[in-house]
Amino acid sequence: MKLSTKGRYGVRAMVALALSYGGTPMSIKTISKKENLSEYYLEQLFSPLRRANLIRSIRGAQGGYVLCKAPSEITVGDIMTVLEGPIEVADCIDGIGCASENDCTTKAVWAKVKKSIDDVLNSITLQDIVDDYEKAKEKKNGIQIIDGSDFSI
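Just so it is clear: in the sequence shown, position 60 is 60 by UniProt numbering, and no numbers are missing.
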């Protein structure tokens with residue numbers, strides 16, 4: 001199973017907006033350069049995200065896109081559902097049915113797999129990704145945050 005570029009690139013673009021949350025709006029051109037994604041493709045991704053009220057556009061010279069909610073309130077699952085639709089592991093799990101549905105020996109396995117994927121996607125917020133990114137960036141730059149509780153004088 002492989003997620004399409006719609007979902008993966010959509011999450012990247014949303015993380016770019018989350019990184020600038022509370023600041024000035026980001027233009028598609030800026031996001032395109034920052035994430036190395038086509039402006040045209042980003043426009044295609046942003047249309048459904050706008051309809052789902054995850055982002056909004058601001059017109060004008062200093063315009064661009066902003067998140068409609070705090071990064072802590074938007075999950076990867078929210079984004080993936082808008083851009084990809086629900087994750088489908090097997091037809092019988094999503095109510096489509098199959099010829100062996102009533103006596104299928106593996107239906108419970110596929111239901112658990114789907115639930116696990118959904119749980120993970122719905123548990124990760126944009127803020128979680130931003131926090132992880134910032135920590136990795138600090139570590140890469142040799143900055144280590146020291147919690148004073150580990151020291152005594």
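Even glycine gets a Cβ: it sits at the ideal position worked out from N, Cα and C.
Handout entry: Between the CA atoms of G142 and L121 - distance to the nearest angstrom
Key = As a working mapping, residue 121 is identified with position 121 in the sequence shown. As a working mapping, residue 142 is identified with position 142 in the sequence shown. C-alpha separation (whole angstroms): 31 Å.
Practice task
Helix, strand or coil for G64, going by three-state DSSP, please let me know.
Solution key: Along the sequence shown, read from residue 1 onward, the residue named residue 64 stands at position 64. DSSP places G64 in strand when its eight states are reduced to three.
Exercise for the section: Give the straight-line distance between the Cα atoms of G73 and K112, rounded to the nearest whole angstrom. Expected result: The residue given as residue 73 occupies position 73 in the sequence shown. The residue given as residue 112 occupies position 112 in the sequence shown. In the sequence under discussion, the amino acid at residue 73 is Glu, which differs from the Gly named in the question. Their Cα atoms are separated by approximately 25 Å.
Practice task
Quick one: using the 10 Å Cβ neighbour count with 16 as the cut-off for buried, is T125 buried or exposed?
Solution key: For the purposes of this step, residue 125 is taken as residue 125 along the sequence shown, with counting starting at 1. Buried, by the Cβ-count rule.
Practice task
Could you please give the first and the last residue of the uninterrupted alpha helix (DSSP H) stretch that includes I28?
Solution key: For this step, residue 28 is matched to residue 28 along the sequence shown. Start and end: I28 to E35.
Practice task
Assign S32 to buried or exposed, taking buried as 16 or more other Cβ atoms, counted over all protein chains shown, within 10 Å of its Cβ.
Solution key: Locating residue 32 in the sequence shown gives position 32, counting from the first residue. It counts as buried.
Practice task
Locate the alpha helix (DSSP H) running through S123, then write down its first and last residues.
Solution key: Here residue 123 refers to the residue found at position 123 of the sequence shown. Counting along the chain, the alpha helix (DSSP H) containing S123 begins and ends at K107 to S123.
Practice task
Determine the extent of the beta strand (DSSP E) in which I58 is found, giving its start and end residues.
Solution key: Counted from its first residue, the sequence shown places residue 58 at position 58. Here the beta strand (DSSP E) through I58 covers I55 to I58.
Practice task
Keeping to the same chain, check which residues put their C-beta closer than 8 Å to that of C104; ignore five residues upstream and five downstream.
Solution key: Within the sequence shown, numbered from 1, the residue matching residue 104 stands at position 104. Excluding positions up to five away in sequence, the list reads C92 and C98.
Practice task
Hey, could you find the ends of the alpha helix (DSSP H) I129 is sitting in?
Solution key: Mapped onto the sequence shown, residue 129 falls at position 129. From DSSP, the alpha helix (DSSP H) with I129 extends over L126 to K140.
Practice task
In the DSSP assignment, find the unbroken alpha helix (DSSP H) run with A76 in it and report its ends.
Solution key: Position 76 of the sequence shown, counted from the start, is the residue given in the question as residue 76. One point to set straight first is that residue 76 is Val, not Ala, in the sequence displayed. From DSSP, the alpha helix (DSSP H) with V76 extends over V76 to E84.
Exercise for the section: Leaving out five residues on either side along the sequence, give the residues of the same chain with a beta carbon under 8 Å from the beta carbon of S27. Expected result: Residue mapping note: residue 27 aligns to position 27 of the sequence shown, counting from 1. Answer for S27: G63, G64 and Y65, listed in chain order.
Handout entry: Candidates I58, V89, T106 and S57: closest to S116 by CA position
Key = Position 116 of the sequence shown holds residue 116. Ranking I58, V89, T106 and S57 by Cα distance to S116 puts V89 first.
Practice task
Decide yes or no for the touch test of the stretch 68-87 against the stretch 7-19: beta carbon pairs closer than 8 Å, at least 3 of them.
Solution key: yes
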